[in-house]
Amino acid sequence: MAAGGGSVKLFNEAHSFLQNVSGELEIFKQEIAEDHEQRKMEITEARRKLEQEKFERREQINKLRYEFEDFVNRKVDRVLEEIEDMKMTEKRDDTSQQKQIDYIVHDMELLREDLFAIQASLEQTGLELYGRAKRKGSFGLGVIAGGSN
């Protein structure tokens, strides 16, 4: 009987060891699951922030474009009004003055064209920046999620 009691004790110790290991594994599984949920929440928050930043950048670009268009139109209108005022006050048939007025009108038209070209260039730059931000945004999420993009 003494030999039988020893083997039961041996099996009890092995059984106890296996239960301890099993308990520790369950704790690790639970920690891993909690960590996984935390990472998922962080990724979701990062995506939300990225969308918000993209929206804000888009709004800034639009605001800049509208302000620039308004500025250009006001300046061009003011110059054209001044030219009209000059024409009205100087109805003389002075060819020298007429040449100056024509030259100024021509320069203003060139200036207007150049300002519109600058506006188009700024708009294109804004679109390129938006595209870059969009591409960087997708890479940024890969880094947050543990990728190597």
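Be aware that the sequence shown starts at 14, since it is given in this note's numbering, and climbs by one per residue. All C-beta atoms in this analysis are idealised placements derived from N, C-alpha and C, irrespective of residue type, glycine included.
- When C-beta atoms of the segment 107-116 are compared with those of the segment 35-45, fewer than three pairs fall below 8 Å, so the two segments do not count as touching.
- A distance below 7 Å between beta-carbons, with the five flanking residues on each side excluded, links E136 to the following residues of its chain, in chain order: R78.
- Within the model, the alpha-carbon separation for F129 versus V85 is close to 8 Å.
- From the listed residues F24, V21 and R125, the smallest Cα separation to R87 is found for R125.
- Just measuring C-alpha positions, the residue of I117, V89 and E82 sitting nearest M99 is I117.
- For a cut-off of 8 Å, the C-beta gap from I74 to Y143 is around 7 Å, short enough to register as a contact.
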